[in-house]
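Encoded as structure tokens, the structure appears first; notes follow it.
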Amino acid sequence: MQVIFKSRDADAEHLRTIAVRRVRFALRRLSWLAPRASVQLSDVNGPRGGVDKRCQIEIATKSGAPIIVTSMARDWLSALQSALSRATRSLIHNYKRSQQQRSANLKLTVSS
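Under our numbering, the letters of the sequence shown match residues 950 to 1061, in that order.
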């Protein structure tokens, strides 16, 4: 799985290896569904503090439609973890939905 890390914030650059490792770990069993993931960390309002750390994860799927999830938190790791959990749930949900549609289409063609 290819993981692309992007950040303009100097404080977030030291999280590069941690973010890449966590993304690979979270998607290790789903890598056949998602060959590429992109992680972007940004600080919304600069050094003023508050809930302003933003993590955006974009997962390129084999079906063609990318999954894009954004999360905001007080610190980078919380934002990353929240976005990762939502992205994996969404990836699994999309896969199950496509399987159900394929099953329904197969039933229609067999019964016709």
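Glycine included, each C-beta is placed from N, C-alpha and C at the ideal position. What you are looking at is a predicted structure, and each value in this text was computed from that prediction instead of being measured.
- Using alpha carbons as the reference points, say which of Leu982, Thr1010, Gln1048, Ile1006 lies closest to Val969. Ile1006
- In chain order, what residues of the same chain have a beta carbon less than 6 Å from the beta carbon of Val1018, not counting five sequence neighbours either side? Ile1006, Ala1032, Arg1035, Ala1036
- Task: Can you have a look at Ile1041 and say buried or exposed, based on whether 16 or more other CB atoms are within 10 angstroms of its CB?
- Result: exposed
- Item | First and last residue of the uninterrupted beta strand (DSSP E) at Arg957 | Here Arg957 belongs to no beta strand (DSSP E), and DSSP marks it neither H nor E.
- Item | Reduced DSSP category for Val988 - H, G, I as helix; E, B as strand; rest coil | strand
- Item | Pairwise C-alpha distance: Arg957 and Asp1024 | 16 Å
- Just the Cα atoms here: how many angstroms apart are Arg977 and Ala1014? 20 Å
- What residues are listed by DSSP as bridge partners for Ile938? Nothing can be reported for residue 938: it is not among the residues displayed for the chain, which extend from 950 to 1061.
- Query: If we call anything under 9 Å between Cβ atoms a contact, is Leu1029 one with Arg965?
  - Reply: no
- Got a sec, what are the start and stop residues for the alpha helix (DSSP H) Arg970 sits in? 965-975
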